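Take the sequence shown: its position 60, counted from the start at 1, is 60 in my numbering, and no numbers get skipped. From the three backbone atoms N, C-alpha and C, an ideal C-beta is built for every residue, glycine too. Bear in mind the structure is a predicted one, so any value in this text is a computation, not a measurement. What follows is one structure encoded as structure tokens, with my remarks underneath.
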Amino acid sequence: MPVTFLFSAARAAISLFTWAGKFLDEWCRQVMRSRIEPLKKIARSLREHRELILNYFRAQKLLSRGLEQQSQKSP
């Protein structure tokens with residue numbers, strides 16, 4: 001497997017994870033400034049489970065990378 005492919009795949013995984021984290025943080029920040037109490041409750045819950053939510057994106061990337069590698073090995 002070319003080294004450049006590995007770097008680009010790693011960069012894509014980091015950027016997706018970073019983007020998801022920034023999006024979640026910004027959404028929660030905006031909701032907490034609102035006066036909508038039910039949304040604030042959801043935002044608090046999302047903040048408490050932030051790492052678990054972001055782990056989903058890590059796992060999805062690893063799964064897709066593994067499937068891609070498996071398909072490349074098959075003739």
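A direct Cα-Cα distance of roughly 8 Å separates S34 from K40. Around the beta-carbon of A43, 16 or more other beta-carbon atoms lie within 10 Å, marking it buried. In the three-state reduction of the DSSP assignment, R35 falls in the coil class, being assigned neither a helical nor a strand state.
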